[in-house]
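As structure tokens, the structure follows; a few thoughts come after it.
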Amino acid sequence: MFEQILVNGLLAGLIYVIMALGFTLIFGIMRIVNFAHGEFYMLGAVVVLVLFGQMGWPFFMAVIAGGVVSGLLGLVLERLLFRRIVGDEMAGMIMSLAIGIILQSVALIVFGPAEQTVTRPFSGTWSLGGAMVPWDRTIVALCALAIIVVFYIFLKFSRLGLAMQAVAQDPDTSSLMGVESGSVYAASFSIACVLAGLGGALMAPIYTIGPYMGELPMLKAFVVVILGGLGSLPGAVAGGLLIGLSESVLATHLDATAALIASFVIVLLVVITRPTGLMGRSVR
Amino acid sequence: MRRTFMKFGLSAIALSAALLSGAAFAQAQQTLKIGIIAPLTGPAAPWGLAMAEGAKVLANDYNAKGGLSIGGKTYKVEIVAYDDKYKAQDAVSAYQRLVNRDGVKHIAIAAGVSTLAIKPNIENDKVVVMTAGYLANLLDPNAKYMYRMWGIPADYYPGIYRWLKDNTKERRVVILGPDDESQREMVALSNKLLKEHGYNVLSTEMYDKGLKDFLPLLTRVLATKPDMIDLGGTAPATAAVLVRQAREFGYKGQFFIPGSSAWREIMDGAGAAASEGVLNMVYVDPTNDNYKRFAAEFRKAVGQEPNESMAPYTDGVNVLIQSIVKSGSVEDTSQFEAGFRKAFPMKSMQGDNLTIGGGMAHGIDHQVAAFRYIGAIRGGQLKIIGKIQ
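So the protein sequences, as listed, match chains A and B. Residues 1 to 284 (the working numbering) are what the first sequence spells out, left to right. Residues 1 to 389 (the working numbering) are what the second sequence spells out, left to right.
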């Protein structure tokens, strides 16, 4: 059972990392807590439902399309709405909450309330020691790892990635150094939405798809980011894997409710003892 | 000029005649409003839409035959449906609108929590409520205006578990159920009945209703090596995820779902191989012609397959309507109970005989004794293999 718990936790944790990376990216650069993040996850899944499930597109093309659609919507919303309130955390929360409710309601009107499923592109399991590992989750985990690696390389070695880090550290100085903050905000928000959309698209065949499917992943991303540190990307990775593993242990030996309670107890303890999170920076 | 005057005069006469005949027609045919309070949006919407749309098809059937004759007057049936989002406070708002603004005196309600929220009002308001709610305390000897459209698990579970024991060989069972008030009652009852029939209940597990990742839960329960998993009243889409994930983990035993009809979602979501042999309590025989007609109308209106609870829900609304007819009065709801007793026996949508029940279990026989079917998924199809009342 130990190997199964470990595998379950790592598989879950990798998806939390994808969600948390986008969430913490927006906060780190724009100081906006994006409560609509779950709805971009939902949008990615809906794109897979339509393109792969109904129109017969190849699965990975539909996943990429899910990320792209979420990213494009994020780009539009950032330019029209979020750009005006960069740095204002309260306004950001309220605006993102409103956008999340609107996106949920639109999905409800267009697709209806019933949760839907898509045919799984991968099925069956393989054995890893004493653990059974479903193939569909294996593929999701490998894609998540690839996304994390690509994102890391982008941040560390690309011009735009370095610009994002500069703006996150000190927007005024980076502006004096010639970094155009508007482009950085747009790219950050869009990339964060791409990450959320890819997460939802990859998970679409594994769970069910419905207008409210983004609520729990959003909550998990929030917990992961608080644990890891708002604005800290290594913190999001560490936090995601920690939460995935701890939930797996507790959910297997006790139940999922105990695991959820434990996640939020961890959040409370972190907020009290180390408000910046395990790897977060102090608020500037 | 004279010709113009004549044309005008004739037009005026024709218009007056049309208006008067319309008024006369309107006077001859009045409207019987039946209220519906159900979740029309949100995760429970499949059930709510099944109630609302099934009622509308029924109303259209009656109106196409010229309406209903009640107390010497002809009534057109109109369904007035409001969304309670499966929440008590929205149910109360919907109730107030129906009773105070729309003048409705007969209401069908889908959810138990919604029914509980408005229950204190109906005796004073003398509003008749026909509920589908599963909570046992909705019916009691003092609730003169409360009725229930079907048996709750406390009523039909004994029969279904007796059938299970007589027709299957598995005896090591794990019970899983979503964590809310009515599901806890159902799981406790399943536990009790299974033990009474000699089953070895290895564990009972309540999971959060929003849970999608069942790997940790399944890791724990499958370690006890059950040969049957009882899914209780698990929501259909969630049942599909559970069945699929359990099969992926190597579980080859039986699935039994006594508390909700989920076979279609399980076949779509888990696939034919994983869903083979799943036993499910269902509300309909899907090959029944009258049910197929209602389902076609539902698809036209909503664009999706109906949840099969549409069959017993529509029967419940039909009982409400026929009881009003037999009572002889739309306005005087104190006559409803007498009409309820005269309405039976009556035919269900699928041709079964509905009777009155509930007296022994709830202290008042204000319940419709509806039928339940037991279906098995075989070769990608649902086969009806049993029936209980």
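Backbone N, C-alpha and C fix where the C-beta goes; we use that ideal spot for every residue, glycine too. Every value quoted in this text rests on a predicted model; they were computed, and no experiment measured them.
Next item on the list: Please state whether DSSP places His197(B) in a helix, a strand or coil.
Entry: coil
Margin query: According to DSSP, simplified to helix, strand and coil, what is Lys144(B)?
Written below: coil
Checklist line | Residues near Ala237(B) by beta carbon distance below 6 Å, same chain, minus five either side | finding: Once the five neighbours on either side are set aside, the close Cβ partners of Ala237(B) are Glu265.
Check: Using a C-beta cutoff of 7 Å, does Pro158(B) count as contacting chain A?
Finding: no
Notebook entry, point to check: Would you say Leu142(A) faces chain B, with C-beta separation under 7 Å as the test?
Noted result: Answer no: the Cβ-Cβ gap between Leu142(A) and chain B never drops below 7 Å.
Notebook entry, point to check: Which residues, in chain order, does the segment 239–273 of chain B contribute to contact with chain A at a C-beta distance below 7 Å?
Noted result: Close to chain A, meaning a Cβ-Cβ distance shorter than 7 Å, are the following residues of the segment 239–273 of chain B: Ala240, Val241, Glu248, Phe249, Gly250, Asp268 and Gly269.
Checklist line | First and last residue of the uninterrupted alpha helix (DSSP H) at Leu215(B) | finding: DSSP places Leu215(B) in the uninterrupted alpha helix (DSSP H) bounded by Leu215 to Leu222.
Next item on the list: Measure the alpha-carbon distance for Leu390(B) versus Pro158(B) and round it to whole angstroms.
Entry: Nothing in the structure corresponds to residue 390(B), since chain B is present only between 1 and 389.
Check: With 16 other CB atoms within 10 Å as the buried threshold, where does Ala12(A) fall?
Finding: Answer is buried; the Cβ neighbour count reaches 16.
Check: Taking the alpha-carbon positions, what's the Asp213(B) to Tyr207(A) distance?
Finding: 8 Å
Check: Name the residues in the segment 345–378 of chain B whose C-beta lies less than 7 Å from a C-beta of chain A; which are they?
Finding: none
Check: What does Thr208(A) reach in chain B if we use C-beta pairs closer than 8 Å?
Finding: Lys212, Ala237, Thr238, Ala240, Val241 and Gly269
Note to self: Going by C-alpha to C-alpha distance, which of Phe2(A), Val223(A), Ile29(A) and Asp255(A) sits closest to Leu242(A)?
What the structure shows: Val223(A)
Note to self: Considering only DSSP beta bridges, list what Trp126(A) is partnered with.
What the structure shows: Val133(A)
Next item on the list: Determine, using beta carbons only, whether Arg341(B) comes closer than 7 Å to chain A.
Entry: Among the residues facing chain A, Arg341(B) is not included, as its CB has no counterpart in that chain under 7 Å away.
Checklist line | Nearest-angstrom beta carbon gap, Gly228(A) and Gly239(A) [assumed within contact, 8 Å] | finding: 3 Å
Notebook entry, point to check: According to DSSP, is Pro178(B) helix, strand or coil?
Noted result: strand
Checklist line | Under 8 Å by beta carbon: chain A residues contacting Leu176(B) | finding: Chain-order list of chain A residues neighbouring Leu176(B): empty, with the shortest C-beta distance near 11 Å, by a criterion of under 8 Å.
Notebook entry, point to check: Is Met1(A) closer than 7 Å to Phe249(B) when the C-beta atoms are compared?
Noted result: no
Margin query: If the criterion is Cβ atoms closer than 7 Å, does the pair Leu139(B) and Met130(B) meet it?
Written below: no
Item checked: Whole-angstrom distance between Leu103(A) and Ser175(A), CA atom to CA atom -> 33 Å
Next item on the list: Find the nearest neighbour of Gly67(B) within the set Ala94(B), Val80(B) and Gln30(B), judged by alpha-carbon distance.
Entry: Comparing Cα-Cα distances from Gly67(B) to each of Ala94(B), Val80(B) and Gln30(B), the minimum goes to Gln30(B).
Notebook entry, point to check: Whole-angstrom Cβ separation of Ala45(A) and Ile209(A), contact assumed at under 8 Å?
Noted result: 5 Å
Next item on the list: Output yes if chain A places a C-beta closer than 7 Å to the C-beta of Arg220(B); else output no.
Entry: Flagged as an interface residue toward chain A: Arg220(B), by a C-beta distance shorter than 7 Å.
Item checked: Contact list for Ala223(B) against chain A, beta-carbon separation under 7 Å -> Met1
Note to self: In whole angstroms, give me the CA-to-CA distance for Pro306(B) and Ala44(B).
What the structure shows: 13 Å
Next item on the list: Would you check if there are 3 or more beta carbon pairs closer than 8 Å linking the segment 116–125 of chain B to the segment 80–91 of chain B?
Entry: yes
Note to self: What would DSSP say about Asn152(B), mapped onto helix, strand or coil?
What the structure shows: Reading off the sequence, residue 152(B) comes out as Ile, not Asn. Coil, per DSSP.
Notebook entry, point to check: Does any C-beta atom of chain A lie closer than 7 Å to the C-beta of Asp208(B)?
Noted result: yes
Notebook entry, point to check: Fully enclosed by the segment 210–279 of chain A, which beta strand (DSSP E) runs are 3 residues long or longer?
Noted result: The beta strand (DSSP E) runs of length 3 or more contained entirely in the segment 210–279 of chain A do not exist; there are none.
Next item on the list: Excluding the 5 residues preceding and the 5 following Arg120(A) in the sequence, name in chain order all residues of the same chain whose CB lies nearer than 8 Å to its CB.
Entry: Asp136, Pro205 and Ile206
Margin query: Taking 7 Å as the limit between beta carbons, can you name the residues of its chain near Ser275(B), skipping five residues before and five after?
Written below: Val243, Ile266, Met267 and Ile377
Next item on the list: Kindly indicate the opening and closing residues of the beta strand (DSSP E) around Ser69(B).
Entry: Leu68 to Ile70
Next item on the list: Using a Cβ-Cβ cut-off of 7 Å, state whether Asn8(A) counts as contacting chain B.
Entry: yes
Note to self: With a threshold of 8 Å on Cβ separation, who are the neighbours of Leu269(A) within its own chain once the five nearest residues in sequence on each side are excluded?
What the structure shows: If we look at Leu269(A) and ignore the five residues flanking it on each side, it has no Cβ neighbours.
Next item on the list: Output yes if chain A places a C-beta closer than 7 Å to the C-beta of Thr204(B); else output no.
Entry: Taking Cβ atoms only, chain A never reaches closer than 7 Å to Thr204(B), which makes this a no.
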